[in-house]
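Below is one structure, written out as structure tokens, with a few remarks after it.
Residue numbers (full-length UniProt numbering): 1 to 563.
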């Protein structure tokens, strides 16, 4: 079925990426990055279905060659952390034919990006025939009417006039200066450096200590770039993709639709799945369990269970509540839901305890690891300095040589012990020998993320349990006018079947992780929460009295016949 996926990300030098490499990847071609001299070859990559370059009217025609386009981008951006391009990855509706998918993509790119002045490098990939998706690489610097690159940000000087401070660009300052605005420079006032206007500094006789005028930290952003980079515009693009895809699906006669909104915005209680990615799927194909794929399987199973419970709830609301059999069925089905929620909460809390225990181990060990690394660095630095000092020391200073040699030997022994302790610590966590503190941080972050997810799940199932218990209490109050013995017997007649159905659902959801002991604990928790023990005991006693009163005349009559 059609799914919504539109992922936006930046191609930045600061993240170790290049626009030329990104273009070579999406077009499955070989391209030379003239900025750093690296050639990127993706000609052996499989799955390219279609590719094209879209240019606005003002762009140079030679940029139809994607290698020239992205080398022009690389040449314009000077800093080591420059943002080079914006990339979108969009899932194409699988219900559409290939030509319909390409037509949808072309229309969307032209209307949303090229019409705004961006150059777009676009390709469609589909490696296995079941995952058609588009890569869209966009320029982030606007173009002038003559096809030259505009600025992203412009220097903005903070000028003063009559105690008021205002920002001006270099072009704006020329006219502002005639109106009395002055740039501010640093002057030495006692032992401090203070920004002030030259006219004020001359009156006080202060000495200027810097030739650079005061300016805003990041400059003034190009308004076109500011709009492209805004969160609001990203939401517009996301909605536009859903609208365009739904229009194509409708024209093609398909009932499926996609929605760009989150589950929360749509009022859905189901949890959204996470993006698995090619690396996780490759692990799964090799028979290795991936955390992301395993999490998605659990989410899908939870969602299926939630949908089934909602369907059961709807059925329960439609039942007639005024007969013994209907009330008994409703109460036992609600009891089954309480059992499921109790089991889920027990499972979640056990998982949360495991993650908390793991964090209690990882955090102090990370601090210990950092301490060891710090000691190794300090002692290595000291040992290196002593070796250099010993090497430069004249041979005649024998006692100093001995003193330095003893200290160097002591440091060498300390370093060996510290490195052994570090290696044992890494071995304890099954880390590679060259692993660093970042490995600890990543694992701790993963544990904390999982802990947050479990907290969210616990809140969701706790709320569902409260709702089920509230409904259970309401049904019991409605049954106050019924014969308690008849109701008890009707419930006992169907209880085993309802328990077996609830147990089967849990076995399907948890698979090999299902625990019979946890199921027994859930039953004990259900008894405490629903508080049925006293009522069921009273009903059993009444049933005994009822059958006793019926059986006594029968026994007496039989006894008289025997006489």
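Glycine is no exception: its CB is placed at the ideal position from the N, C-alpha and C atoms. Since the structure is predicted, the reported quantities are computational estimates derived from the model, not experimental observations.
Runs of alpha helix (DSSP H) with 4 or more residues, each lying fully within the stretch 373 to 449, are found at 398 to 428, listed in chain order. By the CB criterion at 8 Å, residue 437 and residue 369 fall inside the cutoff.
According to the DSSP assignment, residue 185 belongs to the beta strand (DSSP E) that extends over 185 to 189. Taking the Cα positions, residue 171 is about 15 Å away from residue 213. Taking a cut-off of 8 Å on C-beta distances, the stretch 372 to 383 touches the stretch 415 to 426, as three or more cross pairs fall below it. Using a Cβ distance threshold of 8 Å, residue 339 and residue 522 count as a contacting pair. Residue 260 carries a coil assignment under DSSP once its states are collapsed to helix, strand and coil.
For residue 71, there is no enclosing beta strand (DSSP E); the residue is found in the alpha helix (DSSP H) stretching over 66 to 76.
Judged by DSSP in its simplified three-state form, residue 156 adopts coil rather than helix or strand. Residue 2 and residue 245 have their C-alpha atoms roughly 9 Å apart. If the five residues before and after residue 456 are omitted, its C-beta is found closer than 6 Å to no C-beta atom of its own chain. Remark: C-beta atoms of residue 54 and residue 89 do not approach each other more closely than 8 Å. For residue 531, no beta strand (DSSP E) encloses it, and the DSSP letter there is neither H nor E. In the DSSP annotation of this structure, the continuous segment of the alpha helix (DSSP H) that includes residue 233 starts and ends at 231 to 251. In the DSSP assignment, the residues bridged to residue 136 are 88 and 122. Note that the C-beta distance between residue 19 and residue 73 is below 8 Å. Annotated three-state conformation of residue 220 is strand, per DSSP. Note on residue 449: under 16 other CB atoms within 10 angstroms of its CB, so exposed under the neighbour-count rule. DSSP places residue 58 in the coil class of the three-state scheme, outside both helix and strand. Restricting attention to 14, 104 and 153, the CA atom closest to the CA of residue 84 is found in 14. For the pair of segments examined, the stretch 463 to 482 was found not to touch the stretch 499 to 516: the number of CB pairs separated by less than 8 Å stays below three. The beta carbons of residue 255 and residue 137 sit no closer together than 8 Å. If you ignore the 5 residues before and after residue 324, its C-beta comes within less than 6 Å of the C-beta of 482, 486, 487 and 490, all in its own chain and listed in chain order.
By alpha-carbon distance to residue 308, the top candidate from 428, 285, 496 and 336 is 336. Sorting 477, 358 and 537 by C-alpha distance to the C-alpha of residue 443 places 358 at the top. Between residue 197 and residue 160, the beta carbon gap of about 5 Å places them in contact (Cβ cut-off 8 Å). DSSP links residue 50 through a beta bridge to 124. When the beta-carbon positions are compared, residue 454 and residue 355 come within less than 8 Å of each other. Under DSSP, residue 12 takes part in a beta bridge, and its partners are 83.
Distance from the CA of residue 111 to the CA of residue 79, rounded to the nearest whole angstrom, comes to 31 Å.
Close CB contacts of residue 49 within its chain, under the 6 Å cut and outside five residues either way in sequence, are with 124 and 126 (chain order). Out of 67, 151 and 532, the CA that lies nearest to the CA of residue 169 is found in 151. DSSP links residue 215 through a beta bridge to 157. Rounded to whole angstroms, residue 352 and residue 478 show a C-alpha spacing of 38 Å. The Cβ atoms of residue 182 and residue 199 sit closer than 8 Å to each other. DSSP lists 33 as the bridge partner or partners of residue 38.
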